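Undergrad:
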Amino acid sequence: MKRKTKLKKTKLENQLVGPFPAMLVGAMMNGKPTYTTVGAGGCACLAPVLCASIKNTHYIFEGIIKTGSFSVNIPSTALVREMDFCGIVSGTTIDKSSLFTSFFDEAGEAPMIEECPLNFLCKVCDSTEIQGFTMFFGDIVAAFAGEDYLTQGKPDPIKIDPIIMMGFRYCSLERVIGRPFSEGKRLGNAVGIEENLI
Ligand SMILES: Cc1cc2nc3c(=O)[nH]c(=O)nc-3n(C[C@H](O)[C@H](O)[C@H](O)COP(=O)(O)O)c2cc1C
């Protein structure tokens, strides 16, 4: 089962490198939509729960606390400038509500971004503090995809073209390289393991 090639290792600084998916987290604050760039987040477990770690001093923080609702919007690479901008400027000094077209769903208060191909509306179900940040966990209460970003009714990763952050760079997905629960099965079968495979 072992791969034959040996990787010669170099010790790195104990710093975050990635990969992290870039998300725009939305919430209502002072009666207006606001959006903040978040790299520390994603899926929290195998139930439909997303998480986003927000610095306690950020403008959006109070909006999430007050409304108990946030949105996770996945920008495609075409929105890299807007996405980065929302991570550079704070809603305390600049009104970020007009950057995007916001839309809403009755299931929660948080605004979602029409220009993003994927949107998840979440209701806060839990949170935990870590080093000046709060990791908000949110049940997905509504989800949307742009129709042009689907293939056979399912979100298509290449069409959605999300932004991945790694090594202080923004990158794109290039191609599909396999299917979950399938590639490992092939390896298992190749070495004669049939049991315990889903
Ligand atoms: C690529 C990138 C990733 C970021 N990830 C996070 C994050 O995970 N959590 C966080 O609290 N801030 C993160 N930030 C910083 C905030 O987006 C930034 O401070 C923003 O201006 C805060 O906006 P607000 O005060 O309007 O909420 C990130 C910024 C960038 C550019």
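When you read off a place in the sequence shown, starting at 1, and then add 118, the result is the number in the numbering used here. No residue lacks a Cβ here, since even glycine has one placed at the ideal position from N, Cα and C. Computed from a predicted model, the values in this text were never measured in an experiment.
What span of residues does the alpha helix (DSSP H) with residue 198 cover, start to end?
TA: Run containing residue 198: 198-203, per the alpha helix (DSSP H) assignment.
Undergrad: In the DSSP assignment, what residue or residues form a beta bridge with residue 165?
TA: Residue 165 pairs with nothing; no bridge assigned.
Undergrad: Please go through the segment 221-247 and give each complete beta strand (DSSP E) segment of 3 or more residues, from N-terminal end onward.
TA: The qualifying runs are 226-231.
Undergrad: So which of 171, 289, 276 has the shortest CA-CA distance to residue 246?
TA: Among 171, 289, 276, the Cα nearest to that of residue 246 is on 171.
Undergrad: I want to know whether the segment 232-240 touches the segment 264-284 - three or more CB-CB distances under 8 Å.
TA: Output reads yes: the segment 264-284 touches the segment 232-240.
Undergrad: What's the C-alpha gap between residue 273 and residue 261?
TA: Each residue's Cα considered, the two are about 11 Å apart.
Undergrad: Excluding the 5 residues flanking residue 182 on each side, which residues of the same chain have their C-beta closer than 7 Å to its C-beta?
TA: Taken in chain order, the residues that qualify are 145, 172, 188, 242, 254.
Undergrad: Please indicate yes or no: does the CB of residue 154 lie closer than 7 Å to some heavy atom of ligand 1?
TA: Yes, since a heavy atom of ligand 1 falls inside the 7 Å radius drawn around the Cβ of residue 154.
Undergrad: Go ahead and label residue 263 buried or exposed: buried means 16 or more other beta carbons lie within 10 angstroms of its beta carbon, across all protein chains shown.
TA: Under this definition residue 263 is a buried residue.
Undergrad: Verify the contact flag: residue 171, CB atom, against every heavy atom of ligand 1, threshold strictly below 7 Å.
TA: It does: the Cβ of residue 171 is within 7 Å (strictly closer) of some heavy atom of ligand 1.
Undergrad: Check the DSSP bridge columns for residue 290 and list the partner residues they point to.
TA: Answer is 281, bridged to residue 290.
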